[in-house]
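Trainee:
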Amino acid sequence: MSSLQVTATINQAATDFTQLWANWKVPAISSAARKLARETRITNIVNSFNFLSLPAVSFANLGPNTLGGFNWTDWSLTINDVFTSDDDITYRNFLELCRTIYHESRHCEQVYRSAQGLGAYRPATPLIGLKPPDMTEAEMIQMASDGGGGVASKVSAFSGNPLNQAATRVKLISKLLNIPAAQATAAEASSADFTNFIGLAKPAWFKRRTVKLEVEEWMRSIAKSSLFGMTMFVEQGASDMNKMYKDLPVELDAHKIEDAVAAKTEQDIGHAIATHGALARTNATFGP
Ligand SMILES: [Zn+2]
21 MSSLQVTATI NQAATDFTQL WANWKVPAIS SAARKLARET RITNIVNSFN
71 FLSLPAVSFA NLGPNTLGGF NWTDWSLTIN DVFTSDDDIT YRNFLELCRT
121 IYHESRHCEQ VYRSAQGLGA YRPATPLIGL KPPDMTEAEM IQMASDGGGG
171 VASKVSAFSG NPLNQAATRV KLISKLLNIP AAQATAAEAS SADFTNFIGL
221 AKPAWFKRRT VKLEVEEWMR SIAKSSLFGM TMFVEQGASD MNKMYKDLPV
271 ELDAHKIEDA VAAKTEQDIG HAIATHGALA RTNATFGP
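All the letters of the sequence shown, read from the start, carry residue numbers 21 to 308 under our numbering.
1) Do residue 301 and residue 45 come within 8 Å of each other at the CB atom, strictly closer than that value?
2) Closer than 8 Å by C-beta to residue 197: which residues in its own chain qualify, once you throw out the five before and the five after it? Chain order, please.
3) Count the other CB atoms within 10 Å of the CB of residue 257; is the residue buried (16 or more) or exposed (fewer)?
4) Skipping 5 residues on each side, what residues in its chain have a beta carbon closer than 6 Å to that of residue 226?
5) My guess is that residue 255 and residue 83 are in contact by the Cβ rule of under 8 Å, so how many angstroms apart are they, rounded?
6) Label residue 37 either buried or exposed according to how many other C-beta atoms from any shown protein chain fall within 10 Å of its C-beta, with 16 as the threshold for buried.
7) Are residue 73 and residue 207 touching if we call contact CB-CB under 8 Å?
8) Relative to the alpha-carbon of residue 150, which residue among 124, 211, 116 has its alpha-carbon at the smallest distance?
9) Could you check if residue 124 is buried or exposed, using at least 16 other CB atoms within 10 Å of its CB as the buried criterion?
10) Compute every distance between the C-beta of residue 123 and the non-hydrogen atoms of ligand 1, then say whether any falls below 7 Å.
11) Quick check for students: name the residue ranges of the beta strand (DSSP E) that lie wholly in the stretch 33 to 82, counting only runs of 3 or more.
12) Which residues in the same chain as residue 96 place their Cβ atom closer than 7 Å to its Cβ, once the five residues preceding and following it in sequence are excluded?
13) For residue 160, count neighbouring Cβ atoms within 10 angstroms of its own Cβ and tell me buried if that reaches 16, exposed if not.
14) Closer than 7 Å by C-beta to residue 69: which residues in its own chain qualify, once you throw out the five before and the five after it? Chain order, please.
15) Distance check for residue 223 and residue 144, CA to CA, integer angstroms please.
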């Protein structure tokens, strides 16, 4: 069972980030070639998280105060290319880049696990999957329908409860979370994995009593954001102003996960951020 919260995944990401740091000045040919090479390496790292429906990774100038973002409506992950174009990147900023890659990937996992949970829901065994706590089954069916005809005629159009049908669950996932049909379909098809995910040891920072209830919290947060027209998680640079934002379950979780990967990466690279954070990659301390 793989997840971004599992130690093996965190350790592998730290190994990959250490390699990214080692190769920062490769190839020597040009700055443009190095930027492209770094972006390819980062995309490959995200693509190694293949236990998820993989996001499309892109790089763009997001301005000075934004790190990156994950947009669940088109399943895209964007990283600010001020990082990847910086030949003289400081060690601190490099670790910030690593944090951002893992943080945004975790948001992708949060949405995907929420979708898998909805895909695992069955009327006869309602405790196995996720059900929106503020919706009845009739409302779930109504949401999954294409409109017109009312609930009763929709129900009678199928034998038994429509939520027993994969196609109904895919539509529900897609509409409730506002994610593309392809990712809703993949999440539904892999929904057996939800049981494995909620069976993992509960991370210490989860606030709810069980892993499943924590995912339910994520699901509600994503569904609510979609309702109000929000489409993505966006990370700003550290400031006191976003402290409240960081207390949201989805953000607290993503920040704790990035802390874990940053600590392991710092350890693997072998230099302390406290003493070497301000040094550039071109400093002799870090080797060729
Ligand atoms: Zn975030």
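Each residue gets a CB set at the ideal place from its N, CA and C atoms; glycine is no exception.
Mentor: Taking the geometry as given:
1) yes
2) 92, 131, 134, 135, 138, 204, 239, 242, 243, 246
3) exposed
4) 234
5) That belief does not hold up - the Cβ atoms of residue 255 and residue 83 are roughly 12 Å apart, past 8 Å.
6) buried
7) yes
8) 211
9) With 16 or more other Cβ atoms within 10 Å, it is buried.
10) yes
11) 76 to 80
12) 75, 76, 78
13) buried
14) So the list reads 24, 125, once near-sequence residues are dropped.
15) 30 Å
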